[in-house]
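Peer 1: Supplied in structure tokens, the structure appears directly below.
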Amino acid sequence: MTTLRTTPPSSQPVCQDRFTRWLKPRLMAQLDAFRGGRITLIEGSQCHHLGQAGPLQVTVIIRHSRAWKRLAFGGTVGAAESYMDGDWDADDLVALVRLFATNLEQVNGKMENGSARIARWLLGLVYRFQRNSITGSKRNISAHYDIGNDLFATFLDQRHWMYSSAVFPYPEASLEEASTYKLDIMLEKLDVRPEHHLLEIGTGWGGLAIHAAKTRGCKVTTTTISEEQHAHTARRIKEEGLEEQITLLKQDYRALEGRYDRLISVEMIEAVGHQYLNTYLEKVDSLLTVDGQAMLQAITIRDQRFDEAKREMDFIKRYIFPGGFLPSHHAMLASVTRKTSLNVVALDEIGQHYARTLREWRHRFEANLDQVRQQGYDERFIRMWRYYLCYCEGGFIERSIGTCHLLLAKPNAKPVPLTGAL
């Protein structure tokens, strides 16, 4: 929860032109139709209670009247941009996101229509130019992961630097414990042994590769196309004395060659783009030995929304992950069936663990804002990053998005008894 100042800044008085006065009640009527919770809307001396009684309660303060126009003409992306610019605040941004997710049909049917539909169409054109070709992937990855390692250090776990969902073995577990547990269960399910050669697509900051080498005793080859991540991981490998055990590459997954006993890829599939989903899974198949296995951790969208979402640009694609894409369970499984020789061994959902992971990241980020500012990030960036963390947390809680572990195996792979635990 955020403590809100209830009076708007004097530098940005709440004043409304004639068009805004006409627009505001129409938008408020759409918010008033929300179910599952109530929005207390404060603008100047006015206070409105919108929605209905329910578990979700949030107070929104309008600090600049342009927020109404930006919502009307920009839809949910416009609302996010308006938040980034300080036009409005909420005491519980996660609850507000959850309300919008709960009322998605109302949002898409009303708020994303009219002028907002034109904005969505224009943003969709921008998204089409963010295709994840080999050069496009390099550009898109750099736009997010090369903004500075010091920023990620303010909120990621300090043991592995895992920028992906942890799995919490018990409610009181720390983020560091949950990140380690996630790595252990993935490597256990994948049955990684000392004699194996493990390929990792998407190095991150080296946490998985180093943990696998140290705890499973295997040889690891890992690849990234992020300059910052490559440099950081190279230093960590040297510090750990693992140069003979870990091979660090700077190659696009499409350029990889050879055969590996095991393959692992954690939340990298979201960066391939829907046009290249088949290409990615075909490559996974081709890189495995005849008895090889692969483990993917993937952020997913509901099957029912996949076709629509893959063509549109939302806040995340616009500001956080250019070229990003969320597969659905069906999209991945259909591609595996049609384009590969792989069998689907297991699919485990861990989405609620991601909600908790994001909450931990958000709390650490907020606690380290002084460091973030000292690194040169301005208030607009801070508000953007806060919105991103809250946006995703709310989506996972409401299951608008999910995360799964997908275990795939070649037909000749020997069955591995599963423990039954996540």
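Heads up: the sequence shown begins at 13 in my numbering, then just goes up one per residue.
No residue lacks a Cβ here, since even glycine has one placed at the ideal position from N, Cα and C.
All values reported here derive from a predicted model rather than from experimental measurement.
Just the C-alpha distance for residue 445 and residue 44, rounded to the nearest angstrom, thanks.
Peer 2: Because the chain spans 13 through 434 in this model, residue 445 falls outside it and cannot be assessed.
Peer 1: In angstroms with no decimal places, state the Cα-to-Cα distance between residue 159 and residue 274.
Peer 2: If you take the alpha carbons of residue 159 and residue 274, they lie about 31 Å apart.
Peer 1: State buried or exposed for residue 349, treating a residue as buried only when at least 16 other CB atoms are found within 10 Å of its CB.
Peer 2: Per the 10 Å Cβ criterion, exposed.
Peer 1: Rounded to a whole number of angstroms, what is the C-alpha to C-alpha distance between residue 376 and residue 171?
Peer 2: Each residue's alpha carbon lies about 14 Å from the other.
Peer 1: Return the first residue and the last residue of the beta strand (DSSP E) that residue 359 is part of.
Peer 2: Note, residue 359: beta strand (DSSP E), 355-361.
Peer 1: So does the region 48-55 actually touch the region 64-78, counting three or more Cβ pairs closer than 8 Å?
Peer 2: Touching, per the Cβ criterion.
Peer 1: Return yes when the C-beta of residue 339 is under 7 Å from any heavy atom of the ligand ADP, and no when it is not.
Peer 2: This structure lacks the ligand ADP, and indeed carries no ligand of any kind.
Peer 1: Looking at the unbroken alpha helix (DSSP H) that takes in residue 197, where does it start and where does it end?
Peer 2: First-last of the alpha helix (DSSP H) with residue 197: 187-201.
Peer 1: Using only alpha-carbon positions, find the residue among 406, 422, 342, 395 that is nearest to residue 92.
Peer 2: Per the Cα distances, 395.
Peer 1: Is the beta carbon of residue 408 less than 8 Å from the beta carbon of residue 364?
Peer 2: Yes, the Cβ-Cβ distance between residue 408 and residue 364 is below 8 Å.
Peer 1: Does the beta-carbon of residue 379 have 16 or more other beta-carbons within 10 angstroms, so that it is buried, or is it exposed?
Peer 2: Exposed.
Peer 1: Need the endpoints of the alpha helix (DSSP H) that residue 346 sits in, please.
Peer 2: Counting along the chain, the alpha helix (DSSP H) containing residue 346 begins and ends at 341-351.
Peer 1: Tell me the rounded alpha-carbon separation between residue 341 and residue 234.
Peer 2: Taking the straight line joining both Cα atoms gives about 26 Å.
Peer 1: Buried or exposed for residue 339, please, with buried defined as at least 16 other CB atoms from any protein chain shown within 10 angstroms of its CB.
Peer 2: So residue 339 ends up on the buried side.
Peer 1: Where in the region 252-310 do unbroken runs of the beta strand (DSSP E), each at least 3 residues long, occur, reported from the N-terminal end onward?
Peer 2: As far as the region 252-310 is concerned, its whole beta strand (DSSP E) runs of at least 3 residues are 258-261, 272-278.
Peer 1: Could you compute how far the alpha carbon of residue 69 sits from the alpha carbon of residue 361?
Peer 2: Rounded to whole angstroms, residue 69 to residue 361 spans 28 Å at the Cα level.
Peer 1: Give the secondary structure of residue 72 by DSSP, where H, G and I count as helix, E and B as strand, and everything else as coil.
Peer 2: In the structure shown, residue 72 sits in a strand (DSSP, three-state: E or B).
Peer 1: For residue 401 and residue 109, what's the separation of their Cα atoms in angstroms?
Peer 2: Computed Cα separation, rounded: 11 Å.
Peer 1: Closest to residue 227 by CA distance: which of 111, 30, 195, 345 is it?
Peer 2: Among 111, 30, 195, 345, the Cα nearest to that of residue 227 belongs to 195.
Peer 1: Report the option in 48, 209, 81, 63 whose CA atom is closest to the CA atom of residue 36.
Peer 2: Considering only alpha carbons, the answer is 81.
Peer 1: Would you mind reading off the limits of the alpha helix (DSSP H) that contains residue 209?
Peer 2: Segment 209-213 is the beta strand (DSSP E) holding residue 209; no alpha helix (DSSP H) there.
Peer 1: Under the rule that 16 or more other beta-carbon atoms within 10 Å means buried, what is residue 61, buried or exposed?
Peer 2: Under this definition residue 61 is an exposed residue.
Peer 1: Ignore the nearest five residues each way along the sequence and tell me which others in residue 253's own chain have a CB closer than 6 Å to its CB.
Peer 2: None.
Peer 1: For a quick check, are the C-beta atoms of residue 303 and residue 426 less than 8 Å apart?
Peer 2: Contact: yes.
Peer 1: Does the pairing of the region 208-226 with the region 251-271 give three or more beta-carbon distances under 8 Å?
Peer 2: Touching, yes.
Peer 1: Which residue from 58, 111, 63 puts its Cα closest to that of residue 41?
Peer 2: Of the listed residues, the one whose Cα sits closest to residue 41 is 63.
Peer 1: Where residue 268 and residue 292 are concerned, what is the direct C-alpha to C-alpha distance, given to the nearest angstrom?
Peer 2: Approximately 11 Å between the Cα atoms of the pair.
Peer 1: For residue 329, count neighbouring C-beta atoms within 10 Å of its own C-beta (all shown protein chains included) and say buried if the count is 16 or more, exposed if not.
Peer 2: It is buried - the Cβ of residue 329 has at least 16 other Cβ atoms within 10 Å.
Peer 1: To the nearest angstrom, report how far apart residue 276 and residue 372 are at their CA atoms.
Peer 2: For residue 276 and residue 372, the distance between alpha carbons rounds to 25 Å.
Peer 1: Helix, strand or coil, according to DSSP, for residue 219 in the structure here?
Peer 2: Note: residue 219 maps to helix in three-state DSSP.
Peer 1: Between 381, 46, 78, 280, which has its C-alpha nearest residue 33's C-alpha?
Peer 2: The shortest C-alpha separation from residue 33 is found at 78.
Peer 1: For residue 235, which three-state DSSP category applies?
Peer 2: Residue 235: strand per DSSP, three-state reduction.
Peer 1: In the DSSP assignment, find the beta strand (DSSP E) that holds residue 413 and state where it starts and stops.
Peer 2: Its beta strand (DSSP E) spans residues 413-421.
Peer 1: Less than 7 Å between C-beta atoms, sequence neighbours within five positions excluded: which residues of the same chain meet that for residue 246?
Peer 2: Around residue 246: 260.
Peer 1: Just the C-alpha distance for residue 314 and residue 412, rounded to the nearest angstrom, thanks.
Peer 2: If you take the alpha carbons of residue 314 and residue 412, they lie about 6 Å apart.
Peer 1: Alpha carbon to alpha carbon, how far is residue 262 from residue 66?
Peer 2: Each residue's Cα considered, the two are about 50 Å apart.
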